[in-house]
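Residue numbers (the numbering used here): 75 to 204.
Here it is as structure tokens:
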């Protein structure tokens, strides 16, 4: 029970709400309860995202400068690669829908998630042996 933190409880609630929302949308339920549930789930997603971002920012402060530089460099490289990859695939497969900057949002989210994912869910050990 020691490892059962608030973040794990919130993640389990997220998964349960996601499954219920997918079921509601798939079955095309038109009741008042389903509308209220989906709206509350969207609000929960926004609050949970703010919680995770705050948790990442708190854990970034605990890292050494070399680790922060390494993660930032990884973020920048992945952002450039994802942006180029998404732009090229959009240009090749959907040239009429190729917006100016919409591909950057997906690349930003993916590169941020890959670079800093472990800071939101896992505790970093103080001493790391190489």
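C-beta atoms are modelled at their ideal positions from N, C-alpha and C, and glycine is treated no differently.
Quick caveat, the model's predicted, so the values are computed rather than measured.
Asked, Found
"Between the CA atoms of residue 111 and residue 117 - distance to the nearest angstrom", "10 Å"
"Beta-carbon proximity of residue 121 to residue 193, cut-off 8 Å", "no"
"Assigned secondary structure, residue 137 (DSSP; H/G/I helix, E/B strand, else coil)", "coil"
"Distance between residue 184 and residue 127 (C-alpha atoms, nearest Å)", "14 Å"
"Where residue 118 sits in the DSSP three-state scheme", "helix"
"Inter-residue Cα distance where the pair is residue 151 and residue 166", "22 Å"
"The alpha helix (DSSP H) enclosing residue 81, as first and last residue numbers", "80-101"
"Residue closest to residue 182, alpha-carbon to alpha-carbon, out of 154, 144 and 103", "154"
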